[in-house]
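Trainee:
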Amino acid sequence: MQIGIDIGSTTIKCVVLDQSGSILLSRYERHYSQITQKTTEMLQAIREKYPEEQNISLAITGSAGMGMAQGCGIPFVQEVYATRLAANTYLPGTDVIIELGGEDAKILFLTGGTEVRMNGTCAGGTGAFIDQMATLMKLTPDEMNELAAQATETYTIASRCGVFAKTDIQPLLNQGARKADIAKSIFFAVVNQTIAGLAQGRPIKGNVVYLGGPLTFLSQLRAAFDETLHLTGICPENSLYYAALGSALSAREELNLPEIIHRLESSGVTGHYDSIPPLFQSQEEYEAFRLRHEKAQVPTCDPETYQGPVYLGVDSGSTTIKALVITPDGAILRSLYQPNNGNPVQVVREFLLEFYKDFPHLPIAGSAVTGYGEEIVQNALLMDHGVVETMAHFTAAKRFLPEVEFIIDIGGQDIKCFKIRGGAIDNIFLNEACSSGCGSFLQTFANALGYSVADFAKLGLLADAPVDLGSRCTVFMNSSVKQAQKDGASVENISAGLSISVVKNALYKVIRASSPQELGEHIVVQGGTFLNDAVLRAFEQEMGVQVVRPSVAGLMGAYGAALYAMERQKGSSTLLGPEELQNLTHKVQAVECGLCQNHCKLTVNQFGSDRRFISGNRCERPVTHRAAGDLPDIYEHKLQLLRSYQPIRGKRGQLGLPMGLNFYELLPFWHAFFTKLGFEVITSPPSNRALYLRGQGSIPSDTVCFPAKLMHGHVQSLIDQGVKHIFYPCMTYNLNEHKGDNHYNCPVVAYYPEVIGGNMPLPSDVVLITDYIGLHRPKDFTHKMTAILQKYFPGITLKEVQEALKAGQKEYDSYFTQVRARGDAIIQEARKEHKPIIVLAGRPYHVDPEINHGIDKLICSCGAAVISEDCISQEEPPFQTGVLNQWTYHARLYAAARHIRQEKDMNLVQLVSFGCGLDAVTTDEVRSILESENKIYTQIKIDEITNLGAVKIRLRSLLAALEAPERAGGK
Amino acid sequence: MAKLQYDKKGRLMFTQEMRREYTILVPNMAPIHFRILESVLRSHGYRAVLLNNCGPSVTENGLKYVHNDTCYPALLVIGQMIDALKSGNYDPDHTALLLSQTGGGCRASNYIHLLRKALHRAGFDQVPVISLNISGLEKNKGFQLTLPLLRQAMAALVYGDLLMLLSNQVKPYETEKGQAMAMVETWSQRLVQQFEKKSGYGKKEIAQNMGEIVRDFARIPVQMTPKVKVGVVGEIYVKYSKLGNNDLEGLLYREDCEVMIPGVLNFVMYCIENNITDVELYGGSPIKAMVAKKIMDYLCSIEKAMIDAVSQEPRFQAPSPFYHTKELSRGLIGSGCKMGEGWLLTAEMAELIDAGFQNIICTQPFGCLPNHIVGKGMIRKLKEIYPDSNIVPIDYDPSATSVNQENRIKLMLAIARENLEKKTAPLAYPQKKQAPVSHAASSSATC
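Here it is as C-alpha cells:
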C-alpha cells in the first residue's frame, strides 16, 4: 500500500494506492493549520480501514508539510516534482500542466524540454487571491463562478497581489459596476498573472491539463484560461490529488504505519520561532490599559427626546459604510457601521429612510460625505458637501485633542496618517498599494482560521510569545504565518504577531518613523482596526507613547463629515427628503469612453429619471464634453510633440524604434539622426493594454517595473508591423547634464535591450540592434557608432554619421527648447489665473498615458496646472545632495525639488513606478529637500494598474492643505 | 580625544587621531575572506572589528532606519552596524564604520549615504563613515589605501577564495565530519599570524602557502560518492553572506550537495576590467585603460598562482580563469553591462555549467535591478545554449520566508537528483588513496 499526503497552505489531500497503482481511497480537507493533527487523523483512518496493513510506504509533499516530514523522518517530495510524476503516470501525452493551489501557481512543461515554474514570493493569482476577492464581494467562490458565467464586460484588474486587485475592485464595486462582470474580470486577472508570471515566453500549447482546487471547482476560471490560450484544456478526474498521487508513487521506503502515527503524535511542536515580547504581562495590566482608553468618549443623546437641528455625516469607505447623525453639540443620535456590500448608495438610503421614519421630528440641517464612495453617494442622495477624507478626519480628531499633532487611521484597506502643523494638515502619508490591506488582512486571516476579527484580535492580548512576523506587505505575511504554524506557534501568538505587524507596517512602511518625537506628543489613533485593543497596545508599545483612541474610532470619518457639514452649512439642506428617497431608482450601465486613447471603462449610474453620475473616468471630458488640448498640461504637450516625429521615407529602408523607457526623451535625437542617415524611422504605436498583453509572455522577471515590461509589447508591435531592423541600444550612460556626480542611466533603462534580446522570440529575418552606445562622448560616438552601424548597414560612412549626429543634437535641443517654452507659458498662465502649479516629477517615460494612467489630467481636473521636472531643473545650478547624485534623470528630480523652494505656488508630486529600486533613494532625498523648506512632499506609486480614486484623495488633500494656510493667514 | 572634523561638503571625516583612538566596525560579507581581511587592517594599525551580530534585531534596525524598498543587503549591513552601535559593546564616540562603495550605476553606490541618513536618524551623528573604494569617491586622512595594504587585501581575498573552494570540495565527502572546516580554521589562524608579521602576501609566499593549503586539504580522508552539484551565483552580498541568504551553503550541505561558489577575486577583476571595456566602447583616456591593464596583470598572476596550486591535486577542481569566464559570456550578454554584478553573473552561470555544475541557484535581493537583466533575464538564453542546465532564481528580503525559499530550492534539487540518476554519472573526481586521518579541533561557527 502506498500513501501520499499533500499538505498545501489551506488544505490537506491524501490518497492511498494499491499495488497496481489504482486509488483505494482519497480525502480532501481544510486543515486550519492543524497540520500534524490532521495528518495523524488521516493516517489513523487509513489504519482503521486497513488494519491488516502494517507496513506501508508513505511520502509527504507540499510546502506546509516540509517541516513536519523532516521532524518525523517521513520522506518528503517537492510538490511540483510529485505532480509531474503523477501526470507522467496517469496522463501520458500531456504537454502542459497548469496547477493553481491555495498560495501557489505552477506551470509544468512536460514535453519538448521539461521545465517547471512556480510563482515567486508573491501570492497573487492563486486560490488565496480568489478567496480574498470573493470575500471582498461577499460571495463564496462558487457563487462568484456562477456569476461570472453571466458576465458581459471585462475590466482590467491587477492580480499581482491581492492588495492591488482590491484597490481595483473596490472602486468598481463602489461605482456600481456589475458583480458578474467583476467576477469574470477577476478570473481573467488570475489567468494573466499565471501566464505573465510563469510562462515567461514559452508558449502554452498542445494537451493542457488543469489541476488544483481553484481550477477544479471554478469552471469559469477554466473557461478564462481556455479563452486566453485559444485551446480547450481538460480537468481530469482526481484533479485535486495529483501532487498526493505523485508523492504516493514516489514512496518507496517501507515504513511501519503504527510507528509513524506514534511519531506524529509524539512529535508535538518545536516551539521554536522568533518571538517578541507579549502585549500585556498580566490581566491587571490589560485592565488598566482598558480603563485609560475608556476616557475618550463621545456623548450620546436620545433622539426620542432631543429637539432641534441635526447633521448627517457619511463615510463611504472601501469596505464599510459609516454614518452618524449628530446634534450641534457633537452628541451622537444615531450611528451606522456596516459593510457596504458593494452598494454604498443602498446602505445609506436604508439608514436614512429608517431615520426619517423613526424620527420625523428631527430635521437634517446639513449633510456631508467623505471616503471612496464620496462622489456617487453625494450625487445619488444630493448631499450638501463632499469632503476629502483627510479633512474629515482632521476635523474629527481636533474634537478630541485640539492640540493634535498626528493622526493615524488604519481602516479596512488603507492607512492614512496626517501630520498637523500650525493648525493645518502639513503632511499626508497614505499607504502605497503594496502595503495596504491591513485591516482587511486581519479579517481575512481571522476568517480563514474560523474567527471573527474582533475575537481573533482578542486572542492575542494575553499571548505569551507573539510571533515576529516582520513588517512587509501584508500579502507576504501569509507565508510568514505559514512558517510560524510550521514552527508550532499557537493561534494566540499568531494573532498577537499579526496585530503587531499591522502596526509595524504602518510605522515603518507608511510613516517611516524611527522615534515618537517624529510624530509629536499628541497622537490620535482611529479607524476600525484600532478598535482592537491588541493593535492599539502594539502601537503604544512600539512607539513608547500613550495615544488617544476616541470611542468612535471606527466612525471618525463620518463624525468629521458631520462636523464639517455643521460648520459649513448655509441655508437649507439639499439632501433628498423621505419621499424622494423612497422613490429613488438606481440603474447601472457599463460603457467604454471613446473620447481619447485611455478608453476608460465608464460606469454610468442613473438616479431617478434625470440624474446621471459617471465614474471610472480619468478626465472631465465624458462629463463636460470639453475638448482636450487646451489644458495647462505639459504631459499632454510632450506627447503631442513626440507624436509629431513621423516616418520620412529614405534610401536605407525602415528602422524601428520601440517607444518606451529612454526613447521617450531621445526620440527627437534618434529620429533626426536616422532620418538624416536615410532611414525611414518607424516608432512603435502608443502604449495600450492590448500592446502590453501582446508582449507580456516574454517578461522574465515579474518584479521589474511596468515601463520596462511594456517594452516587450513595443518591440512585438514593431515586429508585427513588419519592421526588419529594430534599434534598441544599451546605454550605460545618459547625456551629461552636469547636474551631479555622474550621469548614469538606471540599470533597467541601461540594459533592458539585453533582456529583450534574450527573451523575445524574434523572427529569423528581424535584426535587433542592442549594441552599447555612449552619447555622452559625442566625438568618440561618431567613430564607435560608424563601426556599429557598418555591421548592419555596410556603406555608412563616418562623415554621414557626423552629420547625422549634428542633426540629432539640433533636434534634441529644439525639443527641449519647446518643452521649456511651453512649461514657462503654463506657469505664467497659471499665475495669471492664480492656479496652483504641480510639478509632476518622474522619468521622461512617465509621459506615456498607459504608465501614468492619466494622472496629469486628473490634476488638471482638480484645478491645477501641470509641469514636469525638466521644465525647471535646467535653471538650478548644481548643488550638494545628501546622496550620490549619479543618475541623469534623477538629478533632475533633485534640481526641480530645490528649484521650487522659493516658488510659493509650486508643489511637487513625484511619480514612482512600483519596483523602481532607485526611487527608494530618490524619494527620501526629494522629500528631505522639500521638507527642509517646509514644502509638502507627495508621492504617487504607479504600476500596471493604479487606483485613481486613492490618487485623487491624495491630490485633493494636497490641494486642501495648500489652501489651509492661506485661509488661516486671512483670518 | 579626536576632534570631529568636517570636509567642505559637511561630511564627517575620519582623521589621523581617530585612526589611533577609534574602533572601526566592518560588516561581514564572506566569513572566511573577511576574517583574514580584518587582520590585514589590524596589521596596518586600524582597530578593525568584524561584525558578527545577527538575529532579528539586525533586520529590525535595518527596517527602522533604512527606506524599506531599498535592497536587502543595504538593510542588513546598515541594520547590523546600528545594532552593533546600540549594543553597548562599542563606544559610539570612539567608533567608525567602514563600508565599500563601487561608484557604479547601481544603488549600491548609495549605501554609504543611506548609512549616514540612518546614523542621523538613530542619533549617531558623531560616528564617521569610511568609504572603501578605489574610484577616489570620498577621501579620509586617517584611512588610506596604500599599495601594501591593497596588495595584502587582495591576497586575503584570494586566500579566502581558495579556502572556500577547497572546503566546499572536501566537506560533502569527508569521512569524518568537520575536518574541512577545521582545516579552514587552522589556516585562517596561520594566515592571520603571517599577516600580522607583514608576510604572506608576496608572490612567492602566496604560491608557497597555497601549495601547502591544497596539500593539507588533500590529506583529509574522503569517500567519493556521486552527489548533486550546485553552483551559487548572485548579488555579491546575498551570494556569500549567511545573514543574507539564510545560510544557503548550510542548507545545500544538509541536502547532501556539493557546492561551488565562484570567488570574490572574480568580482574584483570584473570591476577593474570594466574600466578597460568602458574605454573600448565609448572612448576615453588610454592611460586609465593602461593602469587598469597593469592591475589586471597583477591580479591574473595571483589568480594563476591559485589555479596552479589547486591543479597540483587532480582530485580538486580549479576555478576557471577570469578571462575564460568572460569568454563564456560572449554571445550571452554584452561586456558593457557593468552595473551590479553585470555580465559577470551571467558569465559565472555559464562557467558553472561548463564545470559540471548544471544546477544553479541565482540569489538576489527582492527587486534587485541589475538582476532583472543579468540573472533572471538571461536564464532563458542560458537554457537555450545549455538545455541541461537547471537554474532557479531565489529572492531574498526581510519578508521572504525560508520555507518558501527552501521549497523552490527543493524543486531544483529534485530535478537535479533525477538528472543525476539518469546519468549514473561516473564519480565526480577520481578517488585517491586516503591519507591518515588528521585530528583537528572542530570549528565553532557563529551565526
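Protein sequence lines, in the order shown, are assigned to chains A and B.
So for the first sequence, our numbering puts the first residue at 34; every next one is plus one.
So for the second sequence, our numbering puts the first residue at 1007; every next one is plus one.
By construction, the Cβ of each residue, glycine as well, lies at the ideal position given by its N, Cα and C atoms.
Less than 7 angstroms separating the beta-carbons of B:SER1063 and B:ASP1099?
Mentor: Looking up residue 1063 of chain B in the second sequence gives position 57. Looking up residue 1099 of chain B in the second sequence gives position 93. No. Outside cutoff.
Trainee: Among A:ILE215, A:GLY245, A:LEU206, A:ASN289, whose alpha-carbon lies nearest the alpha-carbon of A:GLN77?
Mentor: In the first sequence, residue 77 of chain A corresponds to position 44, counting from 1. It is A:ASN289.
Trainee: Is the beta carbon of A:ALA276 closer than 7 angstroms to that of A:THR43?
Mentor: On the first sequence, residue 43 of chain A is found 10 positions in, with the first residue counted as 1. On the first sequence, residue 276 of chain A is found 243 positions in, with the first residue counted as 1. Taking 7 angstroms as the Cβ cut-off, A:THR43 and A:ALA276 do not qualify as a contacting pair.
Trainee: Quick check on DSSP: helix, strand or coil for A:HIS326?
Mentor: For the purposes of this step, residue 326 of chain A is taken as residue 293 along the first sequence, with counting starting at 1. A:HIS326: helix per DSSP, three-state reduction.
Trainee: Would you say B:ASN1280 touches the ligand SAM, meaning its beta carbon is less than 6 angstroms from a heavy atom?
Mentor: Of ligands this structure carries none, so the ligand SAM is not represented either.
Trainee: Would you mind stating whether A:GLY346 and A:ALA594 have Cβ atoms separated by less than 7 angstroms?
Mentor: If you number the first sequence from 1, residue 346 of chain A lands on position 313. If you number the first sequence from 1, residue 594 of chain A lands on position 561. For A:GLY346 and A:ALA594, yes; Cβs fall inside 7 angstroms.
Trainee: Entirely within the segment 384 to 458 of chain A and at least 4 residues each: give me those alpha helix (DSSP H) ranges in chain order.
Mentor: Segments of the alpha helix (DSSP H) lying fully in the segment 384 to 458 of chain A: 407 to 414, 422 to 433.
Trainee: Is the Cβ of B:ASP1075 closer than 7 angstroms to any Cβ of chain A?
Mentor: One-based indexing of the second sequence puts residue 1075 of chain B at position 69. So, interface residue.
Trainee: What does B:MET1345 touch in chain A if you count any residue whose Cβ is under 8 angstroms from its own?
Mentor: Taking the second sequence and counting its residues from 1, one reaches residue 1345 of chain B at position 339. Within 8 angstroms Cβ-Cβ: THR765, TYR777, PRO780, ALA783, TYR784.
Trainee: Check A:ALA216 in the structure and name its three-state DSSP category.
Mentor: As a first step, residue 216 of chain A is located in the first sequence; it is residue number 183 there, counting from the start. Reduced to three states, the DSSP call for A:ALA216 is helix.
Trainee: Less than 8 angstroms between the CB atoms is what I'm expecting for A:ALA840 and A:LYS709, so what's the real figure, rounded?
Mentor: What you label residue 840 of chain A is simply residue 807 of the first sequence in a count that begins at 1. What you label residue 709 of chain A is simply residue 676 of the first sequence in a count that begins at 1. Yes, A:ALA840 and A:LYS709 are in contact; Cβ-Cβ is about 4 angstroms, under 8 angstroms.
Trainee: Do the CB positions of A:ARG876 and A:TYR922 come within less than 7 angstroms of each other?
Mentor: What you label residue 876 of chain A is simply residue 843 of the first sequence in a count that begins at 1. What you label residue 922 of chain A is simply residue 889 of the first sequence in a count that begins at 1. Contact: yes.
Trainee: Give, in chain order, every residue of the segment 929 to 961 of chain A whose Cβ lies closer than 7 angstroms to some Cβ of chain B.
Mentor: Of all residues in the segment 929 to 961 of chain A, GLY948, GLY950, LEU951, ALA953, VAL954, ASP957 have a Cβ within less than 7 angstroms of some Cβ in chain B.
Trainee: Which same chain residues, not among the five before or five after A:VAL781, have their C-beta less than 7 angstroms away from its C-beta?
Mentor: As a position in the first sequence, residue 781 of chain A is number 748, starting the count at 1. So the list reads VAL737, CYS738, ALA741, once near-sequence residues are dropped.
Trainee: Which residues in the same chain have their Cβ closer than 8 angstroms to the Cβ of A:MET151, if we skip the five residues on either side of it in sequence?
Mentor: As a position in the first sequence, residue 151 of chain A is number 118, starting the count at 1. Answer for A:MET151: VAL113, ASP137, ALA138, LYS139, LEU231, listed in chain order.
Trainee: What's the C-alpha gap between A:PRO342 and A:THR249?
Mentor: Reading the first sequence from its first residue, position 309 is the one you call residue 342 of chain A. Reading the first sequence from its first residue, position 216 is the one you call residue 249 of chain A. Distance between the alpha carbons of A:PRO342 and A:THR249 is about 58 angstroms.
Trainee: May I ask you to verify whether the segment 839 to 853 of chain A touches the segment 684 to 701 of chain A, counting CB pairs closer than 8 angstroms and requiring at least 3?
Mentor: Flag = yes, the segment 839 to 853 of chain A and the segment 684 to 701 of chain A touch.
Trainee: Count the other CB atoms within 10 Å of the CB of A:SER53; is the residue buried (16 or more) or exposed (fewer)?
Mentor: Numbered from its first residue, the first sequence carries residue 53 of chain A at position 20. It counts as exposed.
Trainee: How should A:TYR785 be labelled, buried or exposed, when 16 other C-beta atoms within 10 angstroms of its C-beta is the threshold for buried?
Mentor: For the purposes of this step, residue 785 of chain A is identified with residue 752 of the first sequence, where counting begins at 1. By the neighbour-count rule (16 or more Cβ atoms within 10 Å), A:TYR785 is buried.
Trainee: So is A:GLN673 buried or exposed if we call it buried at 16+ other beta carbons inside 10 Å?
Mentor: Residue numbering aside, residue 673 of chain A sits at position 640 when the first sequence is read from its first letter. Counting Cβ neighbours within 10 Å, A:GLN673 comes out exposed, since fewer than 16 surround it.
Trainee: Identify whether A:SER990 lies in helix, strand or coil by the three-state DSSP scheme.
Mentor: Here residue 990 of chain A refers to the residue found at position 957 when the first sequence is read from its first residue. The answer is helix: DSSP assigns A:SER990 an H, G or I state.
Trainee: Using a Cβ cut-off of 7 angstroms, which residues of the segment 1104 to 1119 of chain B contact any Cβ in chain A, in chain order?
Mentor: So the list reads GLY1111, CYS1112, ARG1113, SER1115, ASN1116, HIS1119, given in the order they occur along the chain.
Trainee: Could you tell me whether the segment 55 to 62 of chain A touches the segment 479 to 488 of chain A, using the rule of 3 or more Cβ pairs below 8 angstroms?
Mentor: No: fewer than three Cβ pairs fall under 8 angstroms.
Trainee: Residues in the same chain with beta-carbon distance under 6 angstroms from B:PRO1432, minus the five sequence neighbours each way, listed in chain order, please.
Mentor: Start at 1 with the first residue of the second sequence, and residue 1432 of chain B comes out as number 426. Per-residue confidence for B:PRO1432 stands at a pLDDT of 48, beneath the threshold of 50, marking its modelled position as unreliable; the derived number appears in the next sentence. Hits under 6 angstroms: none found.
Trainee: For B:VAL1305, which residues in chain A fall below 8 angstroms Cβ to Cβ?
Mentor: Counted from its first residue, the second sequence places residue 1305 of chain B at position 299. For the record, residue 1305 of chain B in the displayed sequence is Leu; it is not Val. Chain A residues near B:LEU1305: none, gap ~23 angstroms exceeds 8 angstroms.
Trainee: Name, please, each residue of chain B whose Cβ falls closer than 9 angstroms to the Cβ of A:GLY686.
Mentor: Against the first sequence, residue 686 of chain A aligns to sequence position 653. Per Cβ cutoff of 9 angstroms: no residues; A:GLY686 is ~25 angstroms from chain B at best.
Trainee: Counting only C-beta atoms, is B:LEU1258 closer than 7 angstroms to chain A at any point?
Mentor: For the purposes of this step, residue 1258 of chain B is taken as residue 252 along the second sequence, with counting starting at 1. No, because no Cβ of chain A sits closer than 7 angstroms to the Cβ of B:LEU1258.
Trainee: Does any CB atom of chain A fall closer than 7 angstroms to the CB of B:LEU1018?
Mentor: Along the second sequence, read from residue 1 onward, the residue named residue 1018 of chain B stands at position 12. It does not: the Cβ of B:LEU1018 has no partner Cβ on chain A nearer than 7 angstroms.
Trainee: Can you tell which of A:ALA874, A:CYS895, A:ILE900, A:ARG931 has its C-alpha closest to the C-alpha of A:PHE912?
Mentor: Walking along the first sequence from the start, residue 912 of chain A turns up at place 879. Here the closest residue by C-alpha is A:ARG931.
Trainee: Would you say A:GLY560 and A:GLU525 are within 7 angstroms of each other, going by their C-beta atoms?
Mentor: In the first sequence, residue 560 of chain A corresponds to position 527, counting from 1. In the first sequence, residue 525 of chain A corresponds to position 492, counting from 1. Their beta carbons are not under 7 angstroms apart, which means A:GLY560 does not touch A:GLU525 by this criterion.
Trainee: Using a Cβ-Cβ cutoff of 8 angstroms, what residues of the segment 1401 to 1420 of chain B are near chain A? List them in chain order.
Mentor: Answer in chain order: ASP1401, ASP1403, PRO1404, SER1405, ALA1406, THR1407, SER1408, VAL1409, ASN1410, GLU1412, ASN1413, ARG1414, LYS1416, LEU1417, LEU1419, ALA1420.
Trainee: Whole angstroms are fine: how far does the CA of A:ARG80 sit from the CA of A:GLU74?
Mentor: The count along the first sequence starts at 1 and reaches residue 74 of chain A at position 41. The count along the first sequence starts at 1 and reaches residue 80 of chain A at position 47. Cα to Cα, the separation comes out at about 10 angstroms.
Trainee: Where do the ends of the alpha helix (DSSP H) carrying A:MET166 lie?
Mentor: Translated into positions along the first sequence, residue 166 of chain A becomes position 133. Taken as a continuous stretch (DSSP letters only), the alpha helix (DSSP H) holding A:MET166 covers 160 to 169.
Trainee: Less than 7 angstroms between CB atoms is the rule here; does A:GLU787 satisfy it with respect to chain B?
Mentor: Walking along the first sequence from the start, residue 787 of chain A turns up at place 754. It does; some Cβ of chain B falls within 7 angstroms.
Trainee: Tell me, please, which residues DSSP counts as bridged to B:GLY1237.
Mentor: Stepping through the second sequence from its first residue, residue 1237 of chain B is reached at position 231. Its beta-bridge partners are B:MET1266, B:ILE1366.
Trainee: Give the C-beta separation of B:VAL1270 and B:LEU1163 to the nearest angstrom, bearing in mind that I take them to be a contact with Cβ-Cβ under 8 angstroms.
Mentor: Position 264 of the second sequence holds residue 1270 of chain B. Position 157 of the second sequence holds residue 1163 of chain B. Yes, B:VAL1270 and B:LEU1163 are in contact; Cβ-Cβ is about 5 angstroms, under 8 angstroms.
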